[in-house]
Structures are given as C-alpha cells and as structure tokens.
Amino acid sequence: MAPPELTSLRSPRVTAARRLAKRSFRGKERRFIVEGPQAVREAVAHLVEVYATPEAAERHADITEAARTAGVPVLTASDAVIAEMSDTVTPQGVVGLCRFLDSPFEEILRARPRLVAVLAHVRDPGNAGTVLRCADAAGADAVVLTDASVDLYNPKAVRASVGSLFHLPVAVGVPVERAVSGLREAGARVLAADGAGERDLDSELDDGLLGAPTAWIFGNEAWGLPEATRALADEVVRVPIHGRAESLNLATAAAVCLYASARAQRAPAGCRSVTST
Numbered sequence: 056m057a058p059p060e061l062t063s064l065r066s067p068r069v070t071a072a073r074r075l076a077k078r079s080f081r082g083k084e085r086r087f088i089v090e091g092p093q094a095v096r097e098a099v100a101h102l103v104e105v106y107a108t109p110e111a112a113e114r115h116a117d118i119t120e121a122a123r124t125a126g127v128p129v130l131t132a133s134d135a136v137i138a139e140m141s142d143t144v145t146p147q148g149v150v151g152l153c154r155f156l157d158s159p160f161e162e163i164l165r166a167r168p169r170l171v172a173v174l175a176h177v178r179d180p181g182n183a184g185t186v187l188r189c190a191d192a193a194g195a196d197a198v199v200l201t202d203a204s205v206d207l208y209n210p211k212a213v214r215a216s217v218g219s220l221f222h223l224p225v226a227v228g229v230p231v232e233r234a235v236s237g238l239r240e241a242g243a244r245v246l247a248a249d250g251a252g253e254r255d256l257d258s259e260l261d262d263g264l265l266g267a268p269t270a271w272i273f274g275n276e277a278w279g280l281p282e283a284t285r286a287l288a289d290e291v292v293r294v295p296i297h298g299r300a301e302s303l304n305l306a307t308a309a310a311v312c313l314y315a316s317a318r319a320q321r322a323p324a325g326c327r328s329v330t331s332t
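Heads up: the sequence shown runs through residues 56 to 332, numbered per this note's numbering.
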C-alpha cells in the first residue's frame, strides 16, 4: 500500500477544509464537508475533491473510481489529516469537499410539487437532517428551510441526512410567509403540524384530504410553531396520541405526517380512510 500523499496538518488544503466547519466560511466559499463513504458516494456529482486514507481508498475503490471518472481529484491522506478535516470523533477514512447544491425556491415552485416539507424555526441540525431524510424516504418532491432555521450545510445536518441531501431539491433561507404563499400559489394545501391543532391526522385521512398536493410545515423542537406561522396555514393538524406518550419528537412527527400524505397520494381513491373495508 503506497504511503499517503498528504500528511501535513499545516497544508493549505487541510486548513481550507477545516475552515469549513464555520458557517461564515461555508457561505463565503459555497462549499461544505461531507464525511464517510456513504455520503461521499452519494455526493459524487457535486464533489470538488476527495480525500481518503490509503486503506479507505482501497476498501472503497468504487468511490475513488467514480470520483476520478467524474473528473474529481482524489488524494490519499494520513489518518491525522482526515481526522483534522472531520467533525466526528471516529472518522471513517473518507472526506469529500462539496459544492453547495440548494435549489432556487422559484425553481421548486415551477415543478408544481405534490409533497413538500417546510422546516420553519428548526434549530437543531440533527433534526433538520433527519427530517430531510424522512422527506426523501416518503418520496417528497422538495424540502424548504426557512430563514429562521439551521444551516443546511452544518456538518451534523449533513450527516443526519445520510445522503438524502443529494436526492431531492432543497431551498434555503426562504421567509416563511413567502414559502407558504408560493406553495399555495403552486397548488399545494398548506398544513401546519402542531400538537395544538384543531384537526388531527386521522381526520385528514378519513376525509380524503391528504391526496391533494400538500406542504407540511414543521416547527421548533421545543416550542413548536409560533401563532403567526400557524395562522398562515390552511389547517393546523396534530398527530393523535393514542397511547400514554406525552408527545412525539420533531423527526418522528414529520415522518408520520409525510408518510400519511405519501400513502394518500398513492392510493387509487385518495385514501379516504385507513380503516374502511
């Protein structure tokens, strides 16, 4: 196994990559770090450079081959260099330098999306990435992060998305008022997910309302959605708690809502009831 090409922690490449841990530098450079073989594999079309330990480069030859085929430089680096570039305690030996890939909100609207997740006031990067992953799994057409939400390219958000960041259009920095008005104009019914909702998800399904194009607004992890944001929606909908749990966390509630819409939209008759025979 050949020795690594990059070993100095003072290398300009290492310094430049490490600076991307800060949001201000990410925004200035419009680049971010992707860690781990799965995420780097998904990010190939957006990569600028790939760094891997010699062992990881050999173990994940498909990644380095795909990167080189796409014209992306691949450099082998020491374990210490990879650790310096990484945000995790135990790096997996592969790091990618990636271009920003968010989509213009107007472009998302022109596509007339049928299912959209809007993250309003979501501050925890892990939750943001997990909701993005849930939206991808449910077959959503897009995700929108409002200007009051966490940075999409925060390392924790990128990791939590487990590659889903690269699968569907994501708009960032959209004022919530504009997100709601734009999606409504594009034909979507706007639903705010909140535990204080007058409607519940079962009723929405039973009444056959979730088969239409829908945008779900999800709020802050601790205090939900502000009254002003709830007032923008067509309906405020709660996930019913049938057992003794006090509540559901943000990502779980988002998954339940998005999958309810996905099922209804795929059902022959709009899924009028989950209990009908």
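Each residue gets a CB set at the ideal place from its N, CA and C atoms; glycine is no exception.
Whether residue i touches residue j by CB criterion (7 angstroms)
i	j	result
A270	V311	no
E276	N209	no
A319	A288	no
L115	G274	It is worth fixing the name first, because residue 115 is His in this sequence and not Leu. In this structure, G274 does not lie closer than 7 angstroms to H115 by Cβ.
A94	G184	no
V150	Y106	yes
R101	R65	With the sequence shown as reference, residue 101 is identified as His, and Arg is not the correct amino acid for it. Not a contact, by the Cβ cut-off of 7 angstroms.
Q291	D262	As written in the sequence, residue 291 is Val, which differs from the Gln given in the question. Contact flag unset, no.
G194	A317	yes
L61	A190	no
A286	P268	no
Same chain, Cβ closer than 6 angstroms to residue i, neighbours up to 5 away in sequence not counted
i	result
D206	R78
P168	D196, A197
V69	V136, E139
D117	none
D255	R293, P295
A71	none
A192	none
A241	L164, R167
R81	L75, F87, Y208
A215	G181, G184, T185
V235	V245, L287
Spatial neighbours of residue i in its chain, beta-carbon cut-off 8 angstroms, leaving aside the 5 residues before and after
i	result
P230	T201, D202
V99	I118, A121, A122, A125, V127
L303	V294, I296, V311
V225	L156, D157, S158, L187, A197, V198, V199, L200, L207
A315	L256, E259, L260, L265
Neighbour-count burial assignment, residue i, 16 or more Cβ in a 10 Å radius
i	result
T119	buried
D179	buried
P128	exposed
R233	exposed
T284	buried
T108	buried
T131	buried
G148	buried
Distance, residue j Cα to residue i Cα
i	j	result
E90	S141	7 angstroms
P59	D157	33 angstroms
G228	S204	8 angstroms
E301	A309	16 angstroms
L265	I272	14 angstroms
A112	F160	37 angstroms
L223	S133	33 angstroms
P67	E104	14 angstroms
E110	E97	20 angstroms
K83	A322	45 angstroms
P281	F221	30 angstroms
P146	L174	29 angstroms
A172	A212	15 angstroms
G237	G252	23 angstroms
W278	A57	53 angstroms
L170	G298	28 angstroms
R85	S63	25 angstroms
Bridge partner(s) assigned by DSSP for residue i
i	result
D255	R293
T131	A107
C153	F87, L102
A248	V292
A174	The amino acid occupying residue 174 in the given sequence is Leu; Ala does not appear at that position. According to DSSP, L174 bridges with L200, F273.
G279	N275
L305	None; L305 has no bridge partner.
Proximal residues to residue i (C-beta, below 7 angstroms), its chain only, five neighbours per side dropped
i	result
R239	V245
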